[in-house]
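First up is the structure itself, then whatever we jot down about it.
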Amino acid sequence: SGKTTLLNLIGGIDQPTAGSVFVAGQDTSKLGDSELSRFRAQRLGFVFQNFNLIPVLSAAENIEYPLRLNKVPAPEARARALAMLASMGLSEEAHQRPAELSGGQCQRVAVGRALVTRPDLVIADEPTANLDSATGAKIIELMREMRDRLGTTFLISTHDPQVAALAERMLMMRDGLLCDA
5 SGKTTLLNLI GGIDQPTAGS VFVAGQDTSK LGDSELSRFR AQRLGFVFQN FNLIPVLSAA
65 ENIEYPLRLN KVPAPEARAR ALAMLASMGL SEEAHQRPAE LSGGQCQRVA VGRALVTRPD
125 LVIADEPTAN LDSATGAKII ELMREMRDRL GTTFLISTHD PQVAALAERM LMMRDGLLCD
185 A
């Protein structure tokens with residue numbers, strides 16, 4: 005239907021061949037590469053179904069990484085990463101690498117990484133696809149808690165009716181067109 009393409013357009017990963025894409029009041033289709041990179045780093049967070057964690061970095065370092073890209077001083081970045089890990093229930097796993105974590109733990113690290121910069125929008129593409137249903141439900145509940153606490157909007161693409169049922173607003177894509185559910 006084009007769900008991932010739509011998320012890539014909203015996230016500035018892909019550029020439209022026609023028209024404009026507005027995110028947080030900004031026409032991202034008019035931004036140059038460096039402006040778009042800065043916009044993504046400062047205003048957006050991403051959660052992917054395959055986690056996309058950096059394997060050689062610890063859980064804390066993976067969460068800290070976007071802060072360092074945004075030139076947050078190292079002591080502040082580390083403190084914010086550790087606080088985010090604590091809010092995710094992962095303080096004990098701070099020094100473990102992704103290969104040492106369960107799928108649910110990896111996805112919580114990915115959610116923490118997406119939220120640590122305090123973005124306006126988190127784009128989540130099938131965030132529960134590689135998890136069992138109980139762990140997937142915990143991840144969605146965690147996203148809701150973080151949304152309530154931080155005021156971040158989550159845009160979630162899913163095939164899972166249980167995940168979709170938890171949404172405040174649901175849209176469907178049919179044949180590449182967005183429509184009300």
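Residue numbering for the sequence shown follows my numbering, beginning at 5 and increasing consecutively.
Think of the CB as a built atom: it goes at the ideal place given N, C-alpha and C, for glycine as much as any other residue.
Keep in mind the model is a prediction, meaning the values are calculated, not measured.
The three-state secondary structure of SER91, taken from DSSP, is helix.
Bounds of the beta strand (DSSP E) holding ARG178 are 175–178.
DSSP places ILE144 inside the alpha helix (DSSP H), whose first and last residues are 137–154.
The beta-bridge partner set that DSSP reports for GLY49 consists of VAL126.
Assignment of ILE160 by DSSP, reduced to helix, strand and coil, places it in the strand class. A direct Cα-Cα distance of roughly 35 Å separates GLN109 from GLY36. In the DSSP annotation of this structure, the continuous segment of the alpha helix (DSSP H) that includes LEU119 starts and ends at 107–119.
In this structure, VAL51 lies away from VAL120, with their beta-carbon atoms at least 9 Å apart. Per the DSSP secondary-structure output, LEU40 pairs with nothing in a beta bridge. LEU182 counts as exposed, since fewer than 16 other C-beta atoms from the protein chains shown sit within 10 angstroms of its C-beta.
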